[in-house]
């Protein structure tokens with residue numbers, strides 16, 4: 003099922019991007035379409051390129067180089083009661099979530115949404131949002147981005163954390179915040195909703 007969803011999501015977005023490319027007109031008024039063809043791609047369930055990520059398993063299903071240069075598709079796997087992202091705002095890309103299994107909590111502006119298998123969410127640039135798994139089972143979702151630059155952030159996050167060797171969640175957050183700013187992403191921890199705070203900032207263990 004997952005490979006069909008990945009192919010559908012990537013295929014539809016790539017097709018849409020190609021169909022909406024501007025047309026060039028020659029001096030006779032005839033239009034000439036310039037479409038750069040990319041090979042088809044099949045990603046079977048459980049495959050894809052593993053991306054080093056400090057928070058949860060990530061697999062790259064379709065890179066921007068393999069699409070129209072504007073679409074990237076990932077599979078995220080969030081363990082039970084685990085963070086997905088802090089509150090943040092994109093300026094260069096839009097995000098689209100399709101839940102495959104489990105439950106996903108999403109903050110969109112001032113609203114908290116609960117997504118389940120088959121649910122879809124469009125999280126567009128300029129709007130503050132975040133997501134996490136507050137349930138007791140693993141959540142799997144397909145995350146598609148348009149804009150092209152988010153791929154660089156995802157590729158750099160794991161190595162940047164490994165290099166910095168932060169000794170606390172706050173220090174790790176500072177590293178990610180600095181990296182995010184380089185990619186036009188603003189993190190706003192002050193917008194953390196109360197229901198997500200225990201997952202991102204768990205209380206210290208009792209002595």
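In my numbering, the protein residues as written are 3 to 209.
Glycine included, C-beta positions come from ideal geometry on N, C-alpha and C.
Quantities reported herein were computed from a predicted structural model and do not represent experimental measurements.
query: In chain order, each alpha helix (DSSP H) run of at least 4 residues that lies wholly inside the segment 134 to 167; result: 152 to 166
query: Beta-carbon proximity list for residue 127, same chain, < 8 angstroms, skipping 5 on both sides; result: 91, 92, 93, 94, 95, 96, 149
query: Assigned secondary structure, residue 44 (DSSP; H/G/I helix, E/B strand, else coil); result: coil
query: For residue 113, the nearest candidate out of 100, 89, 120 (CA to CA); result: 89
query: Cutoff 8 angstroms: residue 158 Cβ touching any chain D Cβ; result: No chain D is present in this structure, which holds just one protein chain.
query: Cα-Cα separation between residue 102 and residue 196, rounded to whole angstroms; result: 26 angstroms
query: Residue 66, buried or exposed, once every other Cβ within 10 Å from all chains shown has been counted against 16; result: buried
query: Beta-ladder partner(s) of residue 221, from DSSP; result: Because residue 221 is not part of the residues shown, which for the chain are 3 to 209, the question remains open.
query: Proximity winner among 64, 187, 169, relative to residue 238 (alpha-carbon distances); result: Outside the modelled stretch of the chain, which goes from 3 to 209, sits residue 238, for which no answer is possible.
query: Neighbourhood of residue 198 by C-beta distance below 6 angstroms, restricted to the same chain and skipping five residues each side; result: 134
query: Meets three-Cβ-pair contact criterion under 8 angstroms: the segment 70 to 83 and the segment 180 to 188; result: no
query: Distance CB(residue 44)-CB(residue 51) smaller than 8 angstroms; result: no
query: 8 angstroms Cβ shell around residue 151 - same chain, five flanking residues per side excluded; result: 94, 95, 185, 186
query: Residue 162 versus residue 147 - alpha carbon distance; result: 21 angstroms
query: Beta-carbon separation (whole angstroms), residue 201 vs residue 81, contact threshold 8 angstroms; result: Contact flag wrong, Cβ pair sits at about 11 angstroms.
query: Cβ-Cβ distance between residue 155 and residue 125 below 8 angstroms; result: no
query: Backbone CA spacing between residue 48 and residue 145 [nearest angstrom]; result: 15 angstroms
query: Nearest-angstrom Cβ-Cβ length linking residue 166 and residue 177, presumed shorter than 8 angstroms; result: 5 angstroms
query: Cβ distance (whole Å) where residue 106 is taken to contact residue 141 below 8 angstroms; result: 5 angstroms
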